[in-house]
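The sequence shown runs contiguously to residue 216 in numbering that gives the first Met the number 0.
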Amino acid sequence: MHPLPAPTAVIADDERLMREQIADRLKEAWPELSIVGEAGNGSEAVAMVRSLEPDIAFLDISMPGMDGIQAAQALAGQVHVVFVTAHDQYAISAFEQGAVDYLLKPADPERVALTCQRLRARLEQAPNPMNELLAQLSKRLGAGGPNPSEYMRWVQASVGATIRMIPTSDILFFRAEDKYTRVQTRSFEALIRKPIKELIDELDPDEFWQIHRSTVV
């Protein structure tokens, strides 16, 4: 009897450090899983899955161009999908109701281990196309700005070579820095790979005010 081939996966996220973190967590939780490719956007992920035919695709929801939801729609039924998200409460609720696996940034070791446990069982079945769920998510996430209950409560930012999730309640101010935004807390500085003009739309206006074109407090 021949042993079963090792499971394979691709990771799609526009943040290289996040891709590396997810890969490291997966290696710890599921040593047999082979990461056969990494993509920086949804289009790359779709092409990679169709070329390499992995068992699993870890797709970040928010990517430039084709996002994770659109990529999953393009790959419906071809691969087992795990979504990766930082703060979208609507998406998280939908995933839980639809029994879809997801990971929150930053990737928590216990959550990754649980996801891997579920994936081991799901690999014995054909991938779920999730057509109805993906259509609902695509419509909702493309409908415009967040509702008051869905404003960003955490920001994903780089502190040196690491990625941290910082509660917005800990942030003193944001300051524009070229194409990035610097975050200041009481104890440290961090950098967000997003311009401040995009970030302001995701912040609760009851908590943050733009006092200058380059500063939000």
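Just so it is clear, CB atoms sit at the ideal spot from N, CA and C, and this is done for glycine as well.
Output the distance between the C-alpha atoms of residue i and residue j, rounded to the nearest integer angstrom.
i: glutamate 19; j: proline 204; result: 33 angstroms
i: isoleucine 210; j: isoleucine 199; result: 12 angstroms
i: tryptophan 153; j: alanine 85; result: 8 angstroms
i: phenylalanine 187; j: glutamine 77; result: 44 angstroms
i: leucine 74; j: alanine 112; result: 25 angstroms
i: proline 145; j: methionine 151; result: Because proline 145 carries a pLDDT of 48, less than 50, the predicted location of this residue cannot be relied on, and the following value inherits that uncertainty. Straight-line Cα distance between these residues: approximately 9 angstroms.
i: arginine 119; j: glutamine 135; result: 27 angstroms
i: proline 128; j: aspartate 100; result: 13 angstroms
If I'm right that residue i touches residue j with Cβ under 8 angstroms, what's the distance once you round it to whole angstroms?
i: aspartate 59; j: valine 81; result: Aspartate 59 to valine 81, Cβ: 10 angstroms. No contact.
i: alanine 11; j: serine 33; result: That belief does not hold up - the Cβ atoms of alanine 11 and serine 33 are roughly 16 angstroms apart, past 8 angstroms.
Specify the secondary structure class of residue i as computed by DSSP and reduced to three states.
i: phenylalanine 243; result: A query on residue 243 cannot be resolved here, the shown segment of the chain reaching from 0 to 216 and no further.
i: alanine 33; result: A small correction: the amino acid at residue 33 is serine; alanine does not occupy that position in the sequence shown. In this structure, serine 33 counts as strand in the three-state DSSP scheme.
i: serine 50; result: helix
i: arginine 18; result: helix
i: glutamate 176; result: strand
i: isoleucine 60; result: coil
i: serine 213; result: coil
Below 8 angstroms CB to CB, which residues in the same chain sit around residue i once its five sequence neighbours on both sides are set aside?
i: serine 213; result: Arg174, Ala175, Ile195
i: serine 42; result: Gly64, Met65, Ala70
i: alanine 160; result: Leu16
i: isoleucine 162; result: Glu14, Leu16, Met17, Gln20, Lys104, Pro105, Gln155, Ala156
Closer than 7 angstroms: is that where the CB of residue i sits relative to any heavy atom of the ligand GTP?
i: valine 83; result: For the ligand GTP, the structure offers nothing, since it holds no ligand at all.
Given residue i, which residues of its chain have a CB within under 6 angstroms of its CB, disregarding the five upstream and five downstream residues?
i: glutamate 201; result: Met151
Starting from the C-beta of residue i, find all residues in its chain whose C-beta is less than 7 angstroms away, skip the five residues before and the five after it, and write them out in chain order.
i: methionine 221; result: The structure shown does not extend to residue 221, since the chain is modelled only from 0 through 216, so no value can be given for it.
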